[in-house]
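Asks: Reminder that position 20 of the first sequence reads as 64 in the numbering used here, one-by-one numbering, no gaps.
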Amino acid sequence: MTSAMAPAEQRERIWRVVHGIPSGKVASYGQIAQLAGLPRAARLVGRVLSQLPEGSKLPWHRVVNSQGRISFPFGSEPYREQRERLLAEGVVFSGQRVARACFNWD
DNA sequence: GTGGAGGCATTAA
DNA sequence: ATTAATGCCTCCA
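What follows is the structure in structure tokens.
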């Protein structure tokens, strides 16, 4: 329990930060990690989002890598879903990349 | 209960 | 575009 509690706390913090991303905007994993108080835990964010429960209502699709690109393989199922969700929120895609204007968080 | 190795939805040069 | 480095997590012996 104790050894599994530390990640749980971080997870909660990450959820909170991700949930705070406004619609139509995106943030990078590193950014999220930093805002969550985990300066170098970008990978942790990715891991946490990958282990999200169903119907968590968390805007995980607003999280992309530092290059503004979706971290899933192009054409993949999850890739499409994320792209669709972002487009539905008004996020502008410049090809495979997200418009830099959506990175108003940095 | 402890130690060691591998893997990753990353980031930066 | 590709490669190298980093930090954290999970699993097995």
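All C-beta atoms in this analysis are idealised placements derived from N, C-alpha and C, irrespective of residue type, glycine included.
Assess contact between the region 90-98 and the region 130-142, defined as three or more Cβ pairs (one per stretch) separated by less than 8 Å. Is contact present?
Replies: Counting Cβ pairs under 8 Å, fewer than three are found: no touch.
Asks: Measure from the alpha carbon of residue 64 to the alpha carbon of each residue in 103, 52 and 126, then state which is nearest.
Replies: Working through the first sequence from its first residue, we reach residue 64 at position 20. Among 103, 52 and 126, the Cα nearest to that of residue 64 belongs to 103.
Asks: My guess is that residue 73 and residue 99 are in contact by the Cβ rule of under 8 Å, so how many angstroms apart are they, rounded?
Replies: Indexing the first sequence from 1 puts residue 73 at position 29. Indexing the first sequence from 1 puts residue 99 at position 55. Contact doesn't hold; Cβ gap of about 22 Å is too wide.
Asks: Hey, is the region 70-87 in contact with the region 104-115, meaning 3+ C-beta pairs nearer than 8 Å?
Replies: As far as the Cβ criterion goes, the region 70-87 touches the region 104-115, which means the pair count is three or higher.
Asks: Around the C-beta of residue 130, are 16 or more other C-beta atoms found within 10 angstroms, so that it is buried, or is it exposed?
Replies: Numbered from its first residue, the first sequence carries residue 130 at position 86. Residue 130 is buried by the Cβ-count criterion.
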